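Notes follow once the structure below has been shown.
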Amino acid sequence: MMNLSQSQRQTFKITPLQIQMLNFLQLSTLELEERIKNELEENPLLEEGAIAAEDSSDDFDKDGEVDDFQNISKPDNDYADWDEYAHDDIPDYKTKVNNHSEDDELYSLPIAQNTDWRTELKSQVHFLPLNEKQSVLIDYIIDSLTDEGFLTYTSEEIADDFSFANGLFVDPIDVEQLLKVLRMMEPVGIASADLQECLMRQLQYKKDRGQEVSLAIDIVAFNMDELAVRNYEKIMRLREVSSDELKAALAQITALNAKPVIDGETSSIAVKDNIIPDYIITYETNMYGDTQIDIALNNSRIPSLKINQDFANAITSNKDKAANQYISNKISSANWLIEAIQQREMTMLKTMQSIVYLQKDFFKNGDVSSLRPMILKDVATQISMDISTISRVTSGKYAQTPFGIINLKDLFSEGIRMDSGGEVSNREIQQAIANLISNENKKNPFNDFQLMELLAQQGYNIARRTVAKYRENLNISSAQLRRQL
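Following the working numbering, the numbering of the sequence shown begins with 672 at its first residue and continues without gaps.
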């Protein structure tokens, strides 16, 4: 027998509209601009809002006085012949007035058309006296190169692949002959197998033109492993050279290209990515000398929206049920978008105001060492919002300040307790590590253990592995790779 029972419990269910709103908060300024453009194209009832012009039929201004411009008498004789007026001899520039500011003009980055390096390389080899088979084979070899210009296949592998793909037998000796021709082309080092071969061919190119690079060639040929780990003492002992001679050879090696092709991964059209800030932070000083921080959203690219009521009324006047349903759905979509934009602006402003309040020391001078420990929960508690909302509002958002454009996520950091009992941001410790490394002796740089001891003297008690983690976050190499002569 089945037992039936009743119970009450509270459950949290998020609606689809709430999910859409959370995703809407995460949009950056550029993404919001693209979203609005798509909505304007898809929703015929949504249009950009325009400032309503004042009614020119009113002959009185706000003070009740007659506007002087309204009393200017019109010419008694109008042009009877419009063609004569339209095609008179008055230049166009005297009848046109441009009231727009230069700031209102929209500029776009010019598209730079670049030639692909493989195309340039093929154009070089096609000037050589090659037969049809050789021309097809050398094109195949060029297409087999990596984006950096290296050749990772052997002659046998290229010959087998070409023969299978084209149904034409090719001997590996033919591939070797064409590789010798290809390696004579520009850029120097093209079709090298690895870094060592690439450097050797560049040094040989310099030697053939009369430059003294014998020591650099010997180091690359016989001491590549020692060079990779900066073991300069062993190199000087094996090569029997002084530190000055080694320093001159290292200068020649570091001047070489590590890849045959620089920026070979880029496409034929070069596009420059710009960061559009979502916030604009300015400073104003009042009459008492106090500095006030003003926070504003960067809405210069976001148009104001409104519903086209005239178009909606024109369609609903047909009394078509399907048309009315269509209009109703589009109006609901437009209203939701307008309200979502307004709610997004309010949430973003409240969040940024809270961040500036919690990090007021940092926003005074822009010094990273002034950052205080702050997590998402601190901001969410202050403005009574959920942590997930704060995470979405700050994700991928940037603020323009007098000391540069900053990523909001960089303002959040965990706190580490010092010997004095207070807490500091891990950003401050990373800045301390960067300062120690910048002032170190490059002939004998600090290792992570020494950095840990120096930080402890400043009151930052952290483990050696934490020092290594912060150093890697700063993109700073280990002590062995930072060593210089």
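Note that the Cβ used here is the ideal one computed from N, Cα and C, for glycine as well. Here the structure is a predicted model, which is why all the values come from computation and not from measurement.
According to the neighbour-count rule (16 or more other Cβ atoms, all chains shown, within 10 Å of its Cβ), is residue i buried or exposed?
i                  : result
serine 863         : buried
phenylalanine 1117 : buried
methionine 855     : exposed
glutamate 1099     : buried
alanine 994        : exposed
lysine 1001        : buried
asparagine 1110    : exposed
threonine 1022     : buried
threonine 1065     : buried
tyrosine 954       : exposed
isoleucine 890     : buried
valine 884         : buried
methionine 692     : buried
serine 1096        : buried
serine 1084        : buried
valine 1138        : buried
phenylalanine 1034 : buried
Cβ atoms of residue j and residue i: under 8 Å apart, would you say?
i               : j               : result
threonine 700   : arginine 972    : yes
leucine 898     : isoleucine 906  : yes
leucine 698     : arginine 706    : yes
glycine 820     : valine 932      : yes
lysine 1113     : arginine 1154   : yes
leucine 1008    : glutamate 710   : yes
isoleucine 1133 : methionine 1123 : yes
valine 846      : valine 796      : no
Leaving out the 5 sequence neighbours to the left and right, which residues in its chain are closer than 6 Å to residue i when beta-carbon positions are compared?
i               : result
serine 1025     : Val1050, Gln1053, Ile1054
asparagine 1144 : none
tyrosine 876    : Val859
serine 826      : Pro843, Val846, Glu847
glutamate 1125  : Inspection of the sequence shows that residue 1125 is occupied by leucine rather than by glutamate. These residues qualify, in order along the chain: Leu1107.
Looking only at its own chain, which residues have a Cβ that is under 7 Å from the Cβ of residue i, when we skip the five neighbours before and after it?
i              : result
isoleucine 743 : Per-residue confidence for isoleucine 743 stands at a pLDDT of 33, beneath the threshold of 50, marking its modelled position as unreliable; the derived number appears in the next sentence. So no residue of the chain qualifies.
alanine 1005   : Asn714, Leu716, Leu717, Ile978
leucine 849    : Gln805, Leu808, Ile809, Ile812
valine 841     : Leu808, Ala830, Phe833, Ser834
If residue i sits next to residue j, beta carbons under 8 Å apart, how far is it from one beta carbon to the other, in whole angstroms?
i                  : j              : result
isoleucine 812     : lysine 793     : Contact doesn't hold; Cβ gap of about 10 Å is too wide.
glutamine 873      : glycine 860    : 5 Å
alanine 1103       : glutamine 1129 : 6 Å
tyrosine 824       : serine 834     : About 14 Å; that fails the 8 Å criterion.
methionine 1045    : leucine 1029   : 5 Å
leucine 870        : isoleucine 924 : 7 Å
arginine 1015      : leucine 696    : 6 Å
glutamate 916      : leucine 886    : 6 Å
valine 1027        : isoleucine 966 : 6 Å
phenylalanine 1074 : glycine 1037   : 3 Å
Does chain C have any CB closer than 8 Å to the CB of residue i?
i             : result
glutamine 923 : Structure shown: chain C not included; a single protein chain is present.
Just to confirm my understanding: we take residue i, look at its own chain, exclude 5 residues before and 5 after, and list those with CB closer than 8 Å. What are they?
i               : result
isoleucine 1076 : Ile946, Pro948, Tyr1069, Ala1070
isoleucine 690  : none
Quick one: which unbroken alpha helix (DSSP H) runs of 4-plus residues sit fully inside the region 1017-1061? Chain order, please. 1031-1036, 1047-1054
Ignoring anything shorter than 4 residues, give me the alpha helix (DSSP H) runs that lie fully in the region 1113-1144, in order along the chain. 1119-1128, 1135-1144
Return the chain-ordered ranges of every alpha helix (DSSP H) run that is complete within the region 873-900 and spans a minimum of 4 residues. 885-893, 895-899
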